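These notes concern the structure reproduced below.
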Amino acid sequence: MSLPTWPFYALIPTVILVHLLVSPYTKVEESFNIQAIHDILVHGIPSNKVDQFLTANYDHVSFPGSVPRTFAGALVLSGLSRPFLLLLNNGEQVQMLVRGVLGLLNAAALIAFGGSVQRAFGTGAGIWFALLQASQFHVMYYASRTLPNMFALIFTNLALRSLLNASTLPWDGSKCYRLCLYLITIAGIVFRSELAISVGTITLHLLVTQRISITSVIIPAGLGGLVIGLLCTVPMDSFFWQSFPLWPEWTAFYYNTIQGHSADWGVSPWHYYFVNALPRLLLNPATYLLCIPIAVLNVATRKQSLDLLVPLVGFVGLYSILPHKEWRFIIYVIPALTGVSAAGASWIWTRRSKSIIYAGLSLGLAVSVILSFVASATILALSSLNYPGATALNILHHELEHPNKAHPKVHFDNLACQTGVTRFLELHDGAHTVLDVLEAQDTRTWSYDKTEDPAALLDPMFWVNFDYVLAERPERIIGSWAVVHVVYGYGGVRFLKPGQKGGALVESVYGGTKKAKVARDWTDRVAEGWKVLEGVLREKVLRGYWAEVRMVPKIRILVNQHPL
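Numbering (our numbering), first residue to last: 5 to 568.
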């Protein structure tokens, strides 16, 4: 009797939500959408004096970034989250809510794709897909993060589901192919322009294998996706950015690719995606060293496997031409590669009783999944240490005393803004729900500043306006300031050999000569837990080898000694 699949599929949303709970804060890459969601929920969408209203209340006007981004994802998440706001008590909970909604949308799309894997390759493949996908780190960790890629990932998973369904469902396959191209085209138009390459590779593969025609599938899907995508982005984004006509993804494509500005963020060798990014994203070496080759070599699974592999590997290959590379640009291929590897894993697993070789391989697969879960949990714990800005702001609000400061004013430096500070974490007096926060604006007791202008930061009179500063480099803050708290964060890993002594649990703030108050928070507990594991595992299990986690000072909370 076959196992029920739903407990395995339930792992996917469960793991995504666990990642969210352990690491609830955001980084700078997510800032546009998370700030836009805040502004839509808190301030609403204006119907008159639009330019004046947006300038006064919306973060993107003051901090537009290098290129405009679409409000489509932010608007949808705001609408889906709004019915639950009355159940929450503060902005941090709302931030977790909107991220949770996005995570569950991605989970639903992954489960839908898993269903197509199950139909194409069997129940065992569906179970292995759930196990392999849930035990990975990057897709699970970032599924709830408001990167444009994570909005696009929903569409690409549903598109690849349709691509796989075309050969397994009883109705006309051309409808599934057309839907696949519709969805990826829309995602490329609205969220991520690089998906145009995957539209091309999938279309070319289907055309060469004589599955589609130009008139019945390619033209309708291309024109339909283009029109729907443009209607979803141009009117809305022209309104929010007050620039008509505005197509954000075209602007970003022109700026980054045609003008070559993406190289300003660094370049990588052509093989980076294949030898670095894909192995890291898949995490489990058995997926690409064993299972995918088995799925391709096996006649029963070859056709459907190649339908996924050929266009997606082609997408990665063509995208490797661009010099600037980041793993998130190719994350769309990971569920599909996982689905193919699940087919290979299932084929091995069903033959475990036929020979000692298959039994050994099956045991190895089971162990590899367990080790992947352990590795993913370890990376999650370390990744949660990367948000000192948010940690510092929470400590300032809730753990420090503020005598004689009725209206504290806080300045955030660049690192604080990049590592978790968002408008959701700002503290307001009065109202306790986001629906009432407009009322709270009138009774605000805290004010916040993110000025980046170098001239202003060199003006001594600028600094006298603030009571507190969250800063990476306190020596750059002009005036009489005292460090009242230090927040530590992840500082890297050092590999120790047998006999080699590790360093202190955390790096001293003042070279060991002066004590500073250090947060007793999640980062501190993770560091101490890692030290306990070293004592248990290093000598008895790992024969003296160990990976030492370094905790270094990241953000100082400074108080003005002579405020106005």
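Note that CB positions come from ideal geometry on N, CA and C, so glycine has one too. Please read these numbers as outputs of a predicted model, since none were measured by experiment.
Could you tell me the boundaries of the beta strand (DSSP E) in which I559 lies?
-> W550 to N564
Thinking just about the alpha-carbon of each residue, which of H406, L389 and H265 is nearest to the one in T449?
-> H406
Have a look at the DSSP bridge pairing and note the partners of R498.
-> E552
In chain order, what residues of the same chain lie with their CB nearer than 6 Å to the CB of K454, ignoring the 5 residues before and after it?
-> Answer for K454: F416 and C421, listed in chain order.
Which of helix, strand or coil DSSP assigns to K454 = Under the three-state reduction of DSSP, K454 is assigned to coil, being neither helix nor strand.
Exposure of D471, with buried meaning 16 or more beta-carbon neighbours within 10 Å = buried
Roughly how many whole angstroms lie between the Cα atoms of V473 and V487?
-> 9 Å
With DSSP as the reference, label G329 as helix, strand or coil.
-> Looking at the sequence itself, residue 329 is Lys, so the reference to Gly does not match. Here K329 sits in coil by DSSP.
Touch test, the segment 342-358 against the segment 115-126, Cβ-Cβ under 8 Å, three pairs minimum | yes
Using the Cα positions of A111 and V378, report the straight-line distance between them to the nearest angstrom.
-> 21 Å
Exposed or buried, G533, counting other C-beta atoms within 10 Å across all chains shown (16 or more means buried)?
-> exposed
State buried or exposed for T342, treating a residue as buried only when at least 16 other CB atoms are found within 10 Å of its CB.
-> Under this definition T342 is a buried residue.
On the three-pair Cβ rule with 8 Å, is the segment 17-28 touching the segment 141-148?
-> Short answer: they touch.
Would you mind giving the Cβ-Cβ distance between R554 and R498, rounded to the nearest angstrom? I have them listed as a contact below 8 Å.
-> The pair is a contact, with the Cβ atoms about 6 Å apart (cut-off 8 Å).
Reference E476, options I482, N418, E403 and L429, closest by Cα | N418
Straight-line gap, L79 to G548 (C-alpha atoms, nearest Å) = 53 Å
Look up G493 in the DSSP assignment and give the residues it is bridged to.
-> V556
Would you say the segment 181-190 touches the segment 159-166, given that touching needs at least three Cβ pairs under 8 Å?
-> yes
Exposure label - G515; buried when at least 16 CB within 10 Å | Note that G515 scores a pLDDT of 38, beneath 50, so its modelled location is shaky; the value from the coordinates is reported in the next line. By the neighbour-count criterion, in which a residue is buried when 16 or more other Cβ atoms sit within 10 angstroms of its Cβ, G515 is exposed.
Contacts around P567, its chain only, beta-carbon distance under 6 Å, and the 5 residues preceding and following it disregarded | D471
Apply the 10 Å Cβ neighbour rule to Q565 and answer buried if 16 or more other Cβ atoms are within range, or exposed otherwise.
-> exposed
F117 at chain C interface by Cβ criterion, 8 Å | Absent from the structure: chain C. Only one protein chain is present.
On the three-state DSSP scale, how would you describe I16?
-> Of the three classes helix, strand and coil, the one that applies to I16 here is helix, per DSSP.
Do you know offhand how far I20's Cα is from S139's?
-> 11 Å
Taking C-alpha atoms, which residue in I44, L235 and G177 lies nearest to I190?
-> When only C-alpha atoms are compared, the closest one is L235.
Please confirm whether I193 and Y323 have their CB atoms less than 8 Å apart.
-> no
Can you tell me which of the three DSSP states T449 falls into?
-> coil
What does a CB cutoff of less than 6 Å around Q246 pick up in its chain, not counting 5 residues either side in sequence?
-> D55
Spatial neighbours of L151 within its chain, please: CB distance less than 8 Å, with the 5 preceding and 5 following residues excluded, ordered by chain position.
-> E33, E34, N37 and R332
Please classify E543: is it buried, with 16 or more other beta-carbons within 10 angstroms of its beta-carbon, or exposed?
-> exposed
Proximal residues to L41 (C-beta, below 6 Å), its chain only, five neighbours per side dropped | For the record, residue 41 in the displayed sequence is Ile; it is not Leu. Contacts found: A78, L81, S82 and V102.
Grab me the residues of F57's own chain with a C-beta within less than 7 Å of its C-beta, minus the 5 sequence neighbours each way, in chain order.
-> P50
Beta-bridge pairing of H415 - partner residues as DSSP gives them | Bridge partners of H415: D453 and V473.
In angstroms, rounded to a whole number, what distance separates the CA positions of L312 and G130?
-> 16 Å
Rounded C-alpha distance that separates H23 from M465 | Rounded to whole angstroms, H23 to M465 spans 43 Å at the Cα level.
State the start and end residues of the unbroken alpha helix (DSSP H) segment that holds F319.
-> V303 to Y323
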